[in-house]
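Asks: Chains A and B supply the protein sequences, listed in that same order.
Just so you know, my numbering puts 237 at position 237 of the first sequence, and the rest follows in order with no gaps.
Just so you know, my numbering puts 1103 at position 103 of the second sequence, and the rest follows in order with no gaps.
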Amino acid sequence: MNDMTQPELMHGHHGPAQGITRWLYTTNHKDIGTLYLWFSFAMFLIGGCMALVIRSELFQPGLQLVQPEFFNQMTTMHGLIMVFGAVMPAFVGLANWMIPLMVGAPDMALPRMNNLGFWILPFAFAMLLSTLLMEGGGPNFGWTFYAPLSTTYAPPSVTFFIFSVHMMGISSIMGAINVIATILNMRAPGMTMMKMPLFVWTWLITAFLLIAVMPVLAGVITMMLMDIHFGTSFFDAGGGGDPVLFQHLFWFFGHPEVYIMILPAFGIISHIVPTFSRKRLFGYASMVYATASIALLSFVVWAHHMFTVGLPLAGELFFMYSTMLIAVPTGVKVFNWVSTMFRGAISFETPMLFAIGFIVLFTIGGFSGLMLAISPADFQYHDTYFVVAHFHYVLVPGAVFSIIAGAYYWLPKWTGHMYNERLGQWHFWLSMIGVNLTFFPMHFIGLAGMPRRIPDYALQFADFNMIASIGGFMFGFSQLLFLYIVIKCIKGGEKAEAKPWEGAEGLEWQVASPAPYHTFAQPPRID
Amino acid sequence: MDTLRDIGGRPHAQGLPCKAFVLLLWAPPSISFADWELNMPVGVTEISESVYSLHMTIFWICVVIALIVFGIMFWSIFHHRKSKGAKPAEFHESTTVEIIWTIIPLLILVGMAVPATATLRQMYDTSEAEVDIQITGYQWKWRYQYLNEEIDFFSNLSTPKEQIQNQAEKTDTYLLEVDNPLVLPVGKKVRFLLTSNDVIHSWWIPDFAVKKDAIPGFINEAWTKIDKPGTYRGQCAELCGKDHGFMPIVVVAMNDNDYSAWVAQQQAAKQAKAASAEKEWTLAELMTKGEQVYNTACAACHQANGMGIPGAFPALKGSVMATQDKAAHINIVLNGKAGTAMAAYGGQFDAVDLAAVITYERNAWGNDTKEMVTPQEIKQARGQ
């Protein structure tokens, strides 16, 4: 055991409370991190089931299982749940667990707010899910909820949808404030900003993005609420408003939002690749600057989601150029990871496999993103399965793979046990094959002309849709293996050392495995 | 009318290297690949060809970068693995290399932006059009108004319900066929003025590389100039509610003579229809016509059996509106109901169609009011 954790052992620290109150009242960053992670996994499974409903209906042309109105509810809820319920809370969970350990802080800066931030979420999502049972059905206007489909033409449950998104937004903002307060105030002495681990850096930047854009989302859904119930006409041309205003506001939130879902992933990968390459991360400083540039650029590219709404030519050109620019810092990151692996001594434990999968498939998603940036070509890609393929490549083998990689990487630290490596490898290969079978054919059907969000399609799209559906089921069921591996690891297994990975660096590996309930009561010193 | 070309026969670049590349990756040996669409259509306009070439250029740029980056990565994976006894190197930064791999992508992007900008400028030049067509999106159909020829009609999905519900065999044009296609002349610049009556729709024909949103209360412009006669198919591209997947777009492009003949025929049909408003209609005639109109305009929401969808669209069968207050019934059909999905149909149909559909709703599904609404009553209600 490292001497840094000695003080709390000698003082006989108190452990967690027993029973349900441990989880309800907890202010411990590790407990709250665990809550976030389990919650996000539950949402991942629920959102995944909705994806499987979608893929089942699309297995063959014709309407077989569900009616179009329910299909639209499934696409909408799948998107909302995966974005707000699965990916974002998973990253907040990882932040809760790892940021205090990485900066040598005893806990998050605002522990009670931390508790509240988490406990809002189950209520928000229970309410969102309950709309499926309401008269008229749940939200059916896509996760981007464009007005006036989501206002004048929405089912009555839209009001519950607005309320639950408000709650999610409040939770996210609280989480973000907490991350910023922790990182800026509670770093161990000697840990200057440019010595911070990259997961901490990327989360710091993400937190600023969250604080900047969540209020915009809150604003736009409030305007919807006003249009629906209080007679305003923000998004109704009949009263002097503009439906396109909705899209500008939504994507001013929405584009930074997609980076909120990928920047922490960059951080995780930047830990795992050096560890298993046994070589320092190449270009630490440029990684930080690239992350910051991506974050700044994310505020000036939003209208590339709206190339077909009839922007003026100058606007179209501006957003095309600014979007293309994002390829530069993103490229720097990929080059840095590859250079880290270059002339390393690489081994291929499960976290590394998922990290390599991330780099390859995220880059493919980046390439299709670059293609989508070319505005004239986007007139053909826009709102087709090509777009669906693109954002699933950056979100599933992108964000989700990074979360899974992080989970395998830190499981020994969380549980004190090693996970089953053979099963982990199985999980990786099943996921890798499943995800590509699902999403790669979508590029083809998109280019061939299949619009997104349709419950039935013309015959020439049939074969690739069938392949995608088979892949979807394969990927979905592989995640049950992940659940099994994690539970098995919690219950027992080979004892993990404080530093189970030979090449790992960072303060989190200096505390015991499993990490004691309280760590760093005395801050460590960084040289 | 020119030959109807099926979907599989759309002009595509033959023998694309990308196709071959993908074949290598996927090739299940027993499946014929000929019908598997893999790439964007080249299309039949100058713009669509430019767009296709931009698409292929950026695609190949990505492929080359991918080969280099992934090549180095997999080379490292095979040669610098610990199990082969690799010893990690010490280096972890190089300003020179970092500058190089920032500058080179930047130059590639500039190179890509130049042709993209040129094509975009061309796409935005809607001046000097010879034919002007207003396209209006409705839930869930398209309306085409020829502004100079005074032709005005709706275009509905014509795929039978039985095919969608798997009770009949699906044809080659499944979900991509309509009752009244948009007819355009080839070789002339056609300007589209797009708007919507309800939610946002998006009008898209891949072969023209035209996709533009139809936004309620605003008018967007787009244009095309078709090189070859033929039938071109597309779909609504913006989620617009329940039947978003069921509002296809079909364009029939004709040479000049055929097009002029078609225009003349449409105008004659229009005059004949206007005359029919004056004749005396019987209940049975109105019911027959009303059922047709109901199925194209009303059944999507209120359902063919008049039962509606609970919570979303009210039932008409046995409703107060359709069995009692006739004036209110006429009013809601003509003027719609603000704040709901019920659109104003007064401007969409002529007096005969409106009279017929209201009569139908008041007598179908056991509503049996035995009341008839005549075209003259509709004209009165409109204040004509």
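Note that the Cβ used here is the ideal one computed from N, Cα and C, for glycine as well.
Using 8 Å as the cut-off, can you tell me whether the stretch 86–96 of chain A makes contact with the stretch 35–42 of chain A, which would need three or more C-beta pairs spanning the two stretches below that distance?
Replies: yes
Asks: If we ignore side chains and look at the alpha-carbon of each, how far apart do residue 113 of chain A and residue 185 of chain A end up?
Replies: 16 Å
Asks: Strictly under 8 Å for the Cβ-Cβ distance: is residue 460 of chain A near chain E by that measure?
Replies: Among the protein chains in the structure shown, which are A and B, there is no chain E.
Asks: Counting only C-beta atoms, is residue 54 of chain A closer than 8 Å to chain B at any point?
Replies: no
Asks: Residues of chain A with a CB under 8 Å from the CB of residue 1069 of chain B: which are they?
Replies: Chain A residues near residue 1069 of chain B: 334, 335, 338 and 363.
Asks: Under the assumption that residue 380 of chain A contacts residue 1040 of chain B (Cβ atoms under 8 Å), give the Cβ distance between them as a whole number of angstroms.
Replies: 5 Å
Asks: Going by DSSP, which residues form a beta bridge with residue 417 of chain A?
Replies: Per DSSP, A:495.
Asks: Do you know how far the Cα of residue 443 of chain A is from the Cα of residue 390 of chain A?
Replies: 8 Å
Asks: Which residues mark the beginning and the end of the alpha helix (DSSP H) in which residue 393 of chain A is found?
Replies: 385–394
Asks: State buried or exposed for residue 134 of chain A, treating a residue as buried only when at least 16 other CB atoms are found within 10 Å of its CB.
Replies: exposed
Asks: Quick one: is residue 1204 of chain B buried, meaning 16 or more other Cβ sit within 10 Å of its Cβ, or exposed?
Replies: buried
Asks: Does the beta-carbon of residue 1165 of chain B have 16 or more other beta-carbons within 10 angstroms, so that it is buried, or is it exposed?
Replies: exposed
Asks: Under a Cβ-count criterion, where at least 16 other Cβ atoms within 10 Å of its own Cβ denotes burial, should residue 1156 of chain B be classed as buried or exposed?
Replies: buried
Asks: For residue 1314 of chain B, which residues of its own chain have a beta-carbon under 7 Å away from its beta-carbon, when the five flanking residues on both sides are left out?
Replies: 1308
Asks: Which residues does DSSP list as the beta-bridge partners of residue 1221 of chain B?
Replies: B:1193
Asks: What does DSSP give as the partner residues of residue 1254 of chain B in its beta bridges?
Replies: As a beta-bridge residue in DSSP terms, residue 1254 of chain B pairs with B:1185.
Asks: List, in order along the chain, the chain A residues whose C-beta lies closer than 8 Å to that of residue 1209 of chain B?
Replies: Residues of chain A passing the Cβ test: 376, 379 and 380.
Asks: For residue 1320 of chain B, count neighbouring Cβ atoms within 10 angstroms of its own Cβ and tell me buried if that reaches 16, exposed if not.
Replies: exposed
Asks: Out of A:351, A:48, A:523 and A:503, which has the shortest C-alpha to C-alpha gap to residue 478 of chain A?
Replies: For residue 478 of chain A, the closest of A:351, A:48, A:523 and A:503 by C-alpha to C-alpha distance is A:48.
Asks: Expressed to the nearest angstrom, what Euclidean distance is found between the alpha-carbon atoms of residue 1383 of chain B and residue 78 of chain A?
Replies: 49 Å
Asks: Apart from the five residues on each side of it in sequence, which residues of its chain come closer than 8 Å, Cβ to Cβ, to residue 34 of chain A?
Replies: 93, 97 and 414
Asks: Going by alpha carbons, who is nearest to residue 255 of chain A out of A:298, A:102 and A:489?
Replies: A:298
Asks: Please list, in chain order, the chain A residues whose beta carbon lies closer than 7 Å to that of residue 1124 of chain B.
Replies: Neighbours of residue 1124 of chain B across chain A, judged by C-beta separation under 7 Å: 313.
Asks: Counting contacts by CB-CB distance shorter than 8 Å, is residue 1101 of chain B in contact with chain A?
Replies: yes
Asks: Distance, Cα to Cα, residue 56 of chain A vs residue 1202 of chain B?
Replies: 26 Å
Asks: Can you tell me where the beta strand (DSSP E) with residue 1228 of chain B in it begins and where it stops?
Replies: Following the DSSP letters along the chain, one finds residue 1228 of chain B in no beta strand (DSSP E), marked with neither H nor E.
Asks: Starting from the N-terminal side, write out each stretch of the beta strand (DSSP E) that is 3 residues or longer and does not extend beyond the stretch 1145–1173 of chain B.
Replies: For secondary structure counted as the beta strand (DSSP E) over 3 or more consecutive residues, the stretch 1145–1173 of chain B holds these complete runs in sequence order: 1151–1155.
Asks: Residue 310 of chain A and residue 1220 of chain B: beta carbons closer than 8 Å?
Replies: yes
Asks: Interface residues of chain B around residue 316 of chain A at Cβ under 8 Å?
Replies: 1120 and 1124, listed in chain order.
Asks: Using a threshold of 8 Å, state whether the C-beta atoms of residue 1051 of chain B and residue 377 of chain A are closer than that.
Replies: yes
Asks: Along the stretch 1302–1321 of chain B, what residues have a CB closer than 8 Å to any CB found in chain A?
Replies: Listed by position along the chain: 1309, 1310, 1311 and 1312.
Asks: Comparing the C-beta of residue 1150 of chain B with each C-beta of chain A, is any distance below 8 Å?
Replies: no
Asks: Between residue 418 of chain A and the rest of its own chain, which residues show a CB-CB distance below 6 Å, the 5 nearest in sequence each way excluded?
Replies: 412, 493, 494 and 496
Asks: Is the beta carbon of residue 201 of chain A closer than 8 Å to that of residue 283 of chain A?
Replies: no
Asks: Distance, Cα to Cα, residue 1102 of chain B vs residue 1061 of chain B?
Replies: Residue 1102 of chain B and residue 1061 of chain B have their C-alpha atoms some 16 Å from each other.
Asks: Classify residue 1136 of chain B: buried if its beta carbon has 16 or more other beta carbons within 10 angstroms, exposed otherwise.
Replies: buried
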